[in-house]
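Each remark here refers to the structure printed beneath this line.
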Amino acid sequence: MKHVVALMACHNRRETTVRCLRSLIGQGGPEVSVRVVLADDGSTDGTARAAREVWPHIHVLRGSGTLFWAKAMALAASAAGEYDFLLWLNDDVILDSGALSQLLSTHQSLSDRQAPDSIVVGGLRDPDTGVVTYSGVRRCSRLRRTSFSTVPPERRPIEVETMNGNLVLVPRAVVERVGQIDSGFSHGMADFDYGLRARSLGCTVWLAPETLGTCARNSVGGQWNDPTLGIRERLRMMCTPKGLPPGSWLRFTRRHAGPVWPMYWLSPYVRLLTGAGVNGIRARVRGDAA
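Taking our numbering, the leading residue of the sequence shown gets -3, the next gets one more, and so forth.
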């Protein structure tokens, strides 16, 4: 019997969380036991109660609304107990039938090839278009240390550099070597950081064959990288937990951008400011011409 603990985080999207939990029912088959630990970060819409109706033995941990993804997932991991595998599962994922079995069988095939300390990532697609949305990733080039591109799943496992954290199987052996998600991050980047740290410690990261579920990509509309917003609003949003907060970005670049990490750390903020300056000059020139 393989023991899997699914780690989830949620905040005020009850129906989305419930759909995800329903898709987890029956995953893995009779030789797999699944427990769920849900970090509910201050939901006020009855998410915890609805989750218990779908998954009666779910372990719910309550946050104050200030955890966001990285800290909420780290909190969930702290209550995992005994397990053979952790399953990172975003609550906006709807799993295909057999998704967990595919992740486990991929890990088994890697173990048979003398790679037992392997993280296995599940690729996800848009529910309407079928386009791959979240998956394993690779660096765009050796010179662009903090730029990554999505790797589409194939019919065989593919080794990648790191991953989106939406659907990830982490064996206990990897956790014992790497530790858990770093709660020092505010929200994003903790998933990329984990895969990169795992590889630096001798583990590997693999993308399972085919996509294993659906998950729509988050829109940039209303976010810090939305070019339709004003510069002040973009800067404000850039410094929020869901933007590119300087502390988290500093943590990531110092670890993974090499000796010239200060340049990488400053780069997005400088680009935003200089881009705004150029746009302002262009606007004034157009005004003078008119």
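Built from N, CA and C at the ideal position, the CB exists for glycine as well.
Bear in mind the structure is a predicted one, so any value in this text is a computation, not a measurement.
Out of the options, which one is the CA nearest neighbour of residue i?
{"i": "residue 42", "options": "29, 27, 58", "result": "58"}
{"i": "residue 23", "options": "230, 267, 83", "result": "83"}
{"i": "residue 243", "options": "180, 263, 209", "result": "180"}
{"i": "residue 106", "options": "140, 129, 152, 61", "result": "152"}
{"i": "residue 112", "options": "229, 97, 200", "result": "200"}
{"i": "residue 248", "options": "213, 238, 33, 193", "result": "193"}
{"i": "residue -3", "options": "12, 11, 30", "result": "30"}
{"i": "residue 231", "options": "73, 55, 270", "result": "270"}
{"i": "residue 123", "options": "217, 213, 246, 219", "result": "213"}
{"i": "residue 197", "options": "217, 175, 108, 80", "result": "175"}
Excluding the 5 residues flanking residue i on each side, which residues of the same chain have their C-beta closer than 6 Å to its C-beta?
{"i": "residue 69", "result": "3, 5, 177"}
{"i": "residue 71", "result": "35, 57"}
{"i": "residue 254", "result": "141"}
{"i": "residue 236", "result": "none"}
{"i": "residue 65", "result": "5, 183"}
{"i": "residue 60", "result": "38"}
{"i": "residue 96", "result": "23, 24"}
Anyone know if the C-beta pair for residue i and residue j falls short of 9 Å?
{"i": "residue 158", "j": "residue 188", "result": "yes"}
{"i": "residue 53", "j": "residue 28", "result": "no"}
{"i": "residue 215", "j": "residue 167", "result": "no"}
{"i": "residue 132", "j": "residue 117", "result": "yes"}
{"i": "residue 289", "j": "residue 205", "result": "Only positions -3 to 286 of the chain appear in this structure, which leaves residue 289 out of reach."}
{"i": "residue 38", "j": "residue 86", "result": "no"}
{"i": "residue 170", "j": "residue 77", "result": "no"}
{"i": "residue 211", "j": "residue 268", "result": "no"}
{"i": "residue 165", "j": "residue 99", "result": "yes"}
{"i": "residue 234", "j": "residue 265", "result": "yes"}
{"i": "residue 209", "j": "residue 92", "result": "yes"}
{"i": "residue 134", "j": "residue 156", "result": "yes"}
{"i": "residue 14", "j": "residue 47", "result": "yes"}
{"i": "residue 55", "j": "residue 75", "result": "yes"}
Whose C-beta lies closer than 8 Å to the C-beta of residue i among residues of the same chain, with five residues either side of it excluded?
{"i": "residue 127", "result": "121"}
What first and last residue would you give for the alpha helix (DSSP H) that runs through residue i?
{"i": "residue 174", "result": "168 to 174"}
{"i": "residue 16", "result": "10 to 20"}
{"i": "residue 113", "result": "Premise fails: residue 113 is in no alpha helix (DSSP H) and is neither H nor E."}
{"i": "residue 102", "result": "95 to 108"}
{"i": "residue 50", "result": "43 to 50"}
{"i": "residue 67", "result": "64 to 74"}
Starting from residue i, follow the beta strand (DSSP E) in both directions and report where the run begins and ends.
{"i": "residue 84", "result": "81 to 85"}
{"i": "residue 188", "result": "Taken as a continuous stretch (DSSP letters only), residue 188 belongs to no beta strand (DSSP E), being part of the alpha helix (DSSP H) at 186 to 196."}
{"i": "residue 154", "result": "154 to 156"}
{"i": "residue 144", "result": "144 to 147"}
{"i": "residue 132", "result": "132 to 135"}
Identify, in the order they occur along the chain, each residue of the same chain with its Cβ nearer than 7 Å to the Cβ of residue i, setting aside the five sequence neighbours on each side.
{"i": "residue 40", "result": "8"}
{"i": "residue 143", "result": "135, 136"}
{"i": "residue 11", "result": "none"}
From the DSSP output, which residues share a beta bridge with residue i?
{"i": "residue 36", "result": "6, 58"}
{"i": "residue 90", "result": "210"}
{"i": "residue 121", "result": "128, 210"}
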